[in-house]
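Here is the structure we will look at.
Protein chains: 2
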Amino acid sequence: MTGLKKKATSIDVARLAGVSQSTVSRTFSTDRSKVAPETREKVLAAARELGYTPDVIARSLSTQRTNIVGIVMADITSPFYPYVLELFITELQEAGRQVLLFTAGPHQEVDDILSLVLQYRVDALIITSATLSSEMADECAREGTPVILFNRYVPGAAASAVSCDNAEGGRLVANLFLDADHVRPAYIAGVKNASTNIDREKGFTDRLRERGQRECLREQGAYTYESGYECARRLLQRADPPDAIFCANDIMALGAIDAARDLAVRVSKELSIIGFDDIPAAGWSAYSLTTIRQPVNQMVAATLEVLTEQVEHPEAKPVTKLAPGTLIPRTSARLPSYVESSSQENRAVIRTGNLG
Amino acid sequence: MTGLKKKATSIDVARLAGVSQSTVSRTFSTDRSKVAPETREKVLAAARELGYTPDVIARSLSTQRTNIVGIVMADITSPFYPYVLELFITELQEAGRQVLLFTAGPHQEVDDILSLVLQYRVDALIITSATLSSEMADECAREGTPVILFNRYVPGAAASAVSCDNAEGGRLVANLFLDADHVRPAYIAGVKNASTNIDREKGFTDRLRERGQRECLREQGAYTYESGYECARRLLQRADPPDAIFCANDIMALGAIDAARDLAVRVSKELSIIGFDDIPAAGWSAYSLTTIRQPVNQMVAATLEVLTEQVEHPEAKPVTKLAPGTLIPRTSARLPSYVESSSQENRAVIRTGNLG
DNA sequence: GTATACTTTGCATACGTATTCAGAATGCCT
DNA sequence: AGGCATTCTGAATACGTATGCAAAGTATAC
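Residue numbers (this note's numbering), protein chains in the order written: chain V, 1 to 356; chain W, 1001 to 1356.
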């Protein structure tokens, strides 16, 4: 009820408690070892009376640490990312860090955003679904701001990266298609330069070729429902339509399923569709999409581990981690018989190494 | 390529340019009127050479304005909110403000988060989908931090609010159902205390009663797909199932459609379903959900107007604004014949007034 | 009783910028 | 030439906290 305009400062508290400002500061510091219990009580009482709260801005200026992590996210609305974002925020908040969120619109390169972010002296930077020039990554490294790419990587850059093993996921899908005797596979691609898309496609087509499948249809999508729908429609209206489609993400796969339905192509019987991500809608009864689940929890946890490590040891070398995807068998694809039996919990084990 | 460890400060720039620190500061201030063009050039050149960027933290400490807006969001993953969030971020970023994002988990009340937010001295606070005690709102008001509730309101509190006209939306749906000769309406409710849910239900059932419909079935949902599915299943398995269901939001409506399909109830022929929000999935061909669209763009724009106003004039009284929803007719509901014809652009006109 | 170590506190200063005030320089008018 | 207004710059200080250093006080050991 001390409802006055100005916020109380540590000096006000000091005066009321009859101690020095330093003592007040120490009382609210994390290493509270250096203040006598009784003094501590006096200070806390005074603080309570004045409604005092340490000013984070001033603290940041003094300590050169903001406890703020920047997150740059390009397509928040793509159904996979809200989950990632919520996880990040929840975990970071729990660890006493806050999140400054930036978005890189289609007309706005990440590099432009970056200078903005750096002005805020964030302790670290997480970049998801947006490319970053390696010069900028180096720039961050020079300024001492650790950068962690989430599901992206920039080959030569001085940035850590945590990613799903997209190439392995692609190979897995290729194996599943061939083992279940599909003869005419197709790939609906995501955004062109996205490393997720490149890796998933490469894993998929490489494995197909390794196993003697000479041809693979392809349509260029854009990670959206509409693009998935259109690409699938084009594929299915060919004289020689595919009998299996691997979509670079779930949302395009949902579009593909709807396209098939609208063209009276029976999904699973005549056409197998497999997606990537395992977004909630994949499990809805209208779709029942077979997909490769990204181990979001592990990926986020790994990202935060790397983050903590890099913040505490700014000199440390960049690190990369890969987490394996898991097949979630549903009904949108005909699967080889061995899938049912091998329902062992496919524990995600994070692999550390080089993504290049 | 002046790649050294420490960031350059205004003092470094001043020294190199042969001017005082004040001049450097003024060069980078927004009211740049007070520095001679040639001096300005010298300073900018020096700054460029050193890679200098003003330190936002220090600036904030000095000006007592952070240019940061806090956003508290409880369920980022609920499909409607990522769009809201992206819009907010994009627009705020464009206006030179940054967004500090907080989430209020189920075990964490907004009030707890709030003290955290306030420590960061955000210029303003936007709260979506989370309730806030009126004491806390008053606390913010006292500290001079404007609070704007998005699609929520707290009756007696000192906080502004921008919301969709949820009650009117409910009334609209009631009219549509009755005008198309439905005789057994039902409501699937959202989260219990959410003002969106309360208003939509009240508008809906009040209007039904006004027009002589004495009974309305009801199931308690939770704004999730699963709850929509389960509630619809319970309704449809009754001896006296409804012939029209109004779902408090789209995601539950999608669940309801899938439940109907799984029970071989033909949506639109035997059962009309209307949702609220108009999320992208509502337009997918698997659902084609008739729904009330929230005018997100206008709501966000209105919120930012209020925000700017309140930041510039901290003494101003709290304001509330209401934006009308628009019917998006698709195929999940039998509609009265007048709907087709009246396809005039239903321009959203924001109403200012009292929500209480 | 003195020497030593340890705990607790206060003083002074640093963090990087914005801003007030006063002084210097310039131009204009009579 | 002198008076006055105008434009530009620099010195000094404020913003609120953290922390190194030294001093004061307390406990321990001999």
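Think of the CB as a built atom: it goes at the ideal place given N, C-alpha and C, for glycine as much as any other residue. None of the values given here were measured: they were computed from a predicted structure.
- Interface criterion not met: the Cβ of residue 235 of chain V is under 8 angstroms from no Cβ in chain W.
- Between residue 274 of chain V and residue 173 of chain V, the beta carbon gap of about 5 angstroms places them in contact (Cβ cut-off 8 angstroms).
- Scanning its chain for C-beta atoms nearer than 6 angstroms, with the 5 sequence neighbours on each side dropped, one finds around residue 1047 of chain W the residues 1013, in chain order.
- Apart from sequence neighbours up to five positions away, the residues of its chain that approach residue 1288 of chain W with a beta-carbon distance below 7 angstroms are 1330, 1331, 1332, ordered along the chain.
- Between the C-alpha atoms of residue 290 of chain V and residue 257 of chain V there is a straight-line separation of about 11 angstroms.
- Neighbours of residue 56 of chain V in chain W, taken as residues whose beta carbon is under 8 angstroms from its own, are 1119, 1120, 1121 in chain order.
- Contact between residue 263 of chain V and residue 236 of chain V holds: CB atoms are separated by about 5 angstroms, below the 8 angstroms threshold.
- For residue 272 of chain V, the uninterrupted beta strand (DSSP E) segment begins and ends at 272 to 277.
- Under the 8 angstroms criterion on CB atoms, residue 1076 of chain W is classed as interfacial with respect to chain V.
- Counting of Cβ neighbours within 10 angstroms places residue 1182 of chain W among the buried residues, the total reaching 16 or more.
- Nearest CB-CB separation between residue 321 of chain V and chain W: not below the 8 angstroms threshold.
- In the DSSP assignment, residue 212 of chain V falls outside any alpha helix (DSSP H) and carries neither an H nor an E.
- Cβ neighbours of residue 1352 of chain W within its own chain (closer than 6 angstroms, five residues either side excluded): 1321.
- When Cβ-Cβ separations below 8 angstroms define contact, residue 303 of chain V makes no contact with chain W.
- Annotation for residue 233 of chain V: 259 place their beta carbon closer than 6 angstroms to its own, counting only its chain and skipping 5 residues before and after.
- W/1079 is the residue among W/1091, W/1079, W/1087, W/1200 whose C-alpha sits nearest the C-alpha of residue 86 of chain V.
- In the displayed model, residue 338 of chain V falls within a helix according to three-state DSSP.
- Counting only runs that start and end inside the stretch 129 to 198 of chain V, the beta strand (DSSP E) elements of at least 3 residues fall at 147 to 150, 160 to 164, 185 to 189.
- From the listed residues V/66, V/130, V/51, V/137, the smallest Cα separation to residue 1055 of chain W is found for V/66.
- Contact of residue 1109 of chain W with chain V by beta-carbon distance below 7 angstroms is absent, the smallest such distance being about 13 angstroms.
- For the options V/114, V/94, V/22, the alpha carbon positioned closest to that of residue 101 of chain V is the one of V/114.
- Under the three-state reduction of DSSP output, residue 1070 of chain W falls in the strand class.
- Residue 1227 of chain W places its beta carbon 8 angstroms or farther from that of residue 1334 of chain W.
- Close CB contacts of residue 202 of chain V within its chain, under the 7 angstroms cut and outside five residues either way in sequence, are with 167, 170 (chain order).
- Closest in C-alpha terms to residue 72 of chain V, from the list V/238, V/245, V/117, comes V/117.
- Contact between residue 186 of chain V and residue 216 of chain V holds: CB atoms are separated by about 7 angstroms, below the 8 angstroms threshold.
- When C-alpha distances from residue 1084 of chain W are compared across W/1316, W/1326, W/1294, W/1319, the shortest belongs to W/1294.
- The Cβ atoms of residue 1160 of chain W and residue 1311 of chain W do not sit closer than 8 angstroms to each other.
- Listed along the chain, the chain V residues whose CB falls inside 8 angstroms of the CB of residue 1043 of chain W amount to none; the nearest CB is some 18 angstroms away.
- Closest in alpha carbon position to residue 1043 of chain W, among W/1095, W/1029, W/1270, W/1024, is W/1024.
- Listed by position along chain V, the residues whose Cβ is nearer than 9 angstroms to that of residue 1102 of chain W are 89, 93, 98, 99.
- Nearest C-alpha to residue 1247 of chain W among W/1282, W/1103, W/1240: W/1282.
- Taking 8 angstroms as the cut-off, the Cβ atoms of residue 1198 of chain W and residue 1225 of chain W do not count as close.
- Among the residues facing chain W, residue 318 of chain V is not included, as its CB has no counterpart in that chain under 8 angstroms away.
- Inter-residue distance for residue 145 of chain V and residue 191 of chain V is about 28 angstroms (C-alpha atoms, whole angstroms).
- Contact of residue 1258 of chain W with chain V is assigned, a C-beta pair being separated by under 8 angstroms.
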